[in-house]
Amino acid sequence: MKRVVIPAVLLLLSILLAGTAFTALEKEMSIQVAETQLRAAPAYYGSVIATVGYAERLKIIDTKGSWVKALSPRTKAAGWLHISTLTSKKLAPRSGRKGAPSSVSAGELSVAEKGFTEQIEQDYRQKHRDIDFTWVDRMEKISMSASQSAAFLKEGQIKPAEGGAQ
Amino acid sequence: MRRLTVILLFLMLLLAFPGCQTLDVATQMGADLAAARGVLTGEQAASIKRGSQAVSKAFEEFTPENEYYLGRTIAANILSKYKVYQNQEATGYVNLIGQTVARASDMPETFMGYHVLILDTEEINAFATPGGFILISRGLMRCCASEDALAAVLAHEVGHVQLGHGMGAIQAGRFTSLGKIAGVELAKNLGDEQLAQAAEIFDGTVGDIMKQLIDRGYQSSQEYDADQAAVTILKRVGYNPRALQDLLAQMERRLGRQAGGFGKTHPAPQSRLQNLAPLLAGSGAVKVPGPRKARFDKFMAGI
Numbered sequence: 267m268k269r270v271v272i273p274a275v276l277l278l279l280s281i282l283l284a285g286t287a288f289t290a291l292e293k294e295m296s297i298q299v300a301e302t303q304l305r306a307a308p309a310y311y312g313s314v315i316a317t318v319g320y321a322e323r324l325k326i327i328d329t330k331g332s333w334v335k336a337l338s339p340r341t342k343a344a345g346w347l348h349i350s351t352l353t354s355k356k357l358a359p360r361s362g363r364k365g366a367p368s369s370v371s372a373g374e375l376s377v378a379e380k381g382f383t384e385q386i387e388q389d390y391r392q393k394h395r396d397i398d399f400t401w402v403d404r405m406e407k408i409s410m411s412a413s414q415s416a417a418f419l420k421e422g423q424i425k426p427a428e429g430g431a432q
Numbered sequence: 147m148r149r150l151t152v153i154l155l156f157l158m159l160l161l162a163f164p165g166c167q168t169l170d171v172a173t174q175m176g177a178d179l180a181a182a183r184g185v186l187t188g189e190q191a192a193s194i195k196r197g198s199q200a201v202s203k204a205f206e207e208f209t210p211e212n213e214y215y216l217g218r219t220i221a222a223n224i225l226s227k228y229k230v231y232q233n234q235e236a237t238g239y240v241n242l243i244g245q246t247v248a249r250a251s252d253m254p255e256t257f258m259g260y261h262v263l264i265l266d267t268e269e270i271n272a273f274a275t276p277g278g279f280i281l282i283s284r285g286l287m288r289c290c291a292s293e294d295a296l297a298a299v300l301a302h303e304v305g306h307v308q309l310g311h312g313m314g315a316i317q318a319g320r321f322t323s324l325g326k327i328a329g330v331e332l333a334k335n336l337g338d339e340q341l342a343q344a345a346e347i348f349d350g351t352v353g354d355i356m357k358q359l360i361d362r363g364y365q366s367s368q369e370y371d372a373d374q375a376a377v378t379i380l381k382r383v384g385y386n387p388r389a390l391q392d393l394l395a396q397m398e399r400r401l402g403r404q405a406g407g408f409g410k411t412h413p414a415p416q417s418r419l420q421n422l423a424p425l426l427a428g429s430g431a432v433k434v435p436g437p438r439k440a441r442f443d444k445f446m447a448g449i
């Protein structure tokens, strides 16, 4: 009996898993950070294949841990990106910027989404002249690339624990 | 045969409810299934991690772009209270550590990334705003005996961002008020009157988070959670998480002399040490290789 049951369970499990994967395959998600990269491998040391921007819709191909392989129809490139950069929501392109075209309608946007944007910051700055944004603008420009991080770790003889960066 | 039926029923149930209920079960079901489900439940998982209802409300309502604009304004407010320590090398160093640990966190990317500045004050303190603006005082940096300890502070702050603690400080009433702004569903952008109303709510929201960061501090449980996130991050990167313990012990000694700042807004280091102990069981004493110690000493010279 056991001999029959185990393969049967495995077969069923694989069918069910294929079904789940298929659902995932069909799924589209939006980029929710200003800009990120599609990489050759599911890790930050993976070389960059393409750069994708806010609100762009991607087709999900595969997943591995916290990483998602997706296709960008705009660049026709597929690569890996971290799941935290994606949302299932449709997003409107950032106002006043050239963004990816989006089919999102006004009704689909939350009030907060429309409200807390660049426009509001300008308004805030007008009203609070004593609050200085100079250093915020400056600190935002300090960016260390993944390869700079890797070199820094190597120089400091810091070896990633099992699993490494997620 | 009964066993087979049970297994089948279990599997069907599992696939029928891809929501949070089955999350724990899925983790046990092996990497493949968990990965396949990752796309479907990633956001739910993040939302669960973020905990309280208020946080998930904020998470639902606000996009990372909204968090970024809130974070910018909050950082500008804090930077209007403190002077910036202007040393390009030291600032570059804390950014290398900060952005490296952030990359190993569960939220490696925010809308415009993580950035670190040093505050020119003796006060022992650090702040992290939504969106990933991290501010660390010279006073707190002086408590760090090694690069690993400095990484522990920054990983703890990344932990607050990752867990959405700042957003959790937003009063529920702000969402109700936002919902009441008339006519918004019709237009893509806000009209003048709506903008004025939204601006007022934005002001209040900034106030909510500032109050938490400057006056009240997070709940003790949130500090413990950020410590736990820091330990995970440090292990992933390859820093010794025991440095966090050393740092807390050092702070306990130094904080006694200081009123306000960190001591006012954080639980006593002693209680954090107690919560931390079980997480550090596998880690030995902090031993820093020569080149790492040399660069730490170099960049910390002026601090």
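Here the protein sequences line up with chains A and B, keeping their order.
One gets our numbering by counting positions in the first sequence from 1 and adding 266 to each.
One gets our numbering by counting positions in the second sequence from 1 and adding 146 to each.
Backbone N, C-alpha and C define an ideal beta-carbon position, used for all residues, glycine too.
Quick check on the burial criterion: 16 or more other C-beta atoms within 10 angstroms. Buried or exposed for residue i?
i, result
"B:R215", "Arg is not the amino acid found at residue 215 of chain B; the sequence shown has Tyr there. So B:Y215 ends up on the buried side."
"B:D371", "buried"
"B:P435", "exposed"
"B:E211", "buried"
"B:P437", "exposed"
"A:L352", "buried"
"B:Q308", "buried"
"B:T514", "Since the first residue of chain B shown is 147 and the last is 449, residue 514 of chain B is not available in this structure."
"B:A177", "Any reading at B:A177 must be qualified, since the residue scores a pLDDT of 29, below 50, and its modelled position is unreliable; no value is offered."
"A:R395", "exposed"
"B:Q343", "buried"
"A:Y311", "exposed"
"B:D373", "buried"
"B:T322", "exposed"
Relative to the alpha-carbon of residue i, which residue among the options has its alpha-carbon at the smallest distance?
i, options, result
"B:S251", "B:L286, B:R388, B:R320, B:G310", "B:G310"
"A:W333", "A:S350, A:R340, A:L357, A:R323", "A:S350"
"A:K324", "A:A306, A:A343, A:Y310", "Contrary to the premise, residue 324 of chain A reads as Leu rather than Lys in this sequence. When each option's Cα is compared against that of A:L324, the closest is A:A343."
"A:K335", "A:Q392, A:Q303, A:D403", "A:Q303"
"A:S313", "A:S411, A:K393, A:G331", "A:S411"
"A:T400", "B:Y260, B:A375, B:L225", "B:L225"
"B:L425", "B:V247, B:G277, B:K381", "B:K381"
"B:S367", "B:K357, B:L422, B:M253", "B:L422"
"B:Y239", "B:A221, B:T219, B:L324, B:I264", "B:I264"
"A:W346", "A:L357, A:A316, A:K425", "A:A316"
"A:V402", "B:M258, B:D294, B:K326", "B:M258"
"B:Q317", "B:A291, B:I347, B:E293, B:A295", "B:I347"
"B:E268", "B:M397, B:N386, B:M313", "B:M397"
"A:A358", "A:P426, A:Q298, A:K293", "A:Q298"
Report the partner residues of residue i according to the DSSP bridge assignment.
i, result
"A:T400", "Answer is none; A:T400 lacks a bridge partner."
"A:L304", "A:A316"
"A:A344", "A:L337"
"A:I328", "In the sequence as displayed, the identity of residue 328 of chain A is Asp instead of Ile. In DSSP, A:D328 forms a bridge with A:K335."
"A:E294", "A:K325"
"A:T353", "A:S296"
How would you list, in chain order, the residues of chain A whose beta-carbon sits under 7 Å from the beta-carbon of residue i?
i, result
"B:E293", "G422"
"B:N223", "I397"
"B:P210", "Q298, V299"
In chain A, which residues lie less than 8 Å from residue i when you measure between Cβ atoms?
i, result
"B:G384", "L419, I424, K425, P426, A427"
"B:D371", "Simply none; closest approach about 17 Å."
Applying a beta-carbon distance threshold of less than 7 Å, which residues of chain B neighbour residue i?
i, result
"A:Y311", "Simply none; closest approach about 10 Å."
"A:W401", "L225, V230, L263"
"A:T351", "E255"
What residues from chain A crowd round residue i, counting only those whose CB sits closer than 9 Å?
i, result
"B:N241", "M405, I408, S409, M410"
Using a Cβ cut-off of 8 Å, pull out every chain B residue sitting near residue i, in sequence order please.
i, result
"A:L304", "Correct list: empty, because the minimum Cβ distance to chain B is about 13 Å."
"A:S415", "L242, Q245, T246, R249"
Ignoring anything shorter than 3 residues, give me the beta strand (DSSP E) runs that lie fully in the region 192–270 of chain B, in order along the chain. 261–265
Whole alpha helix (DSSP H) elements within the region 271–339 of chain B, 4-residue minimum: 284–288, 293–308, 318–326
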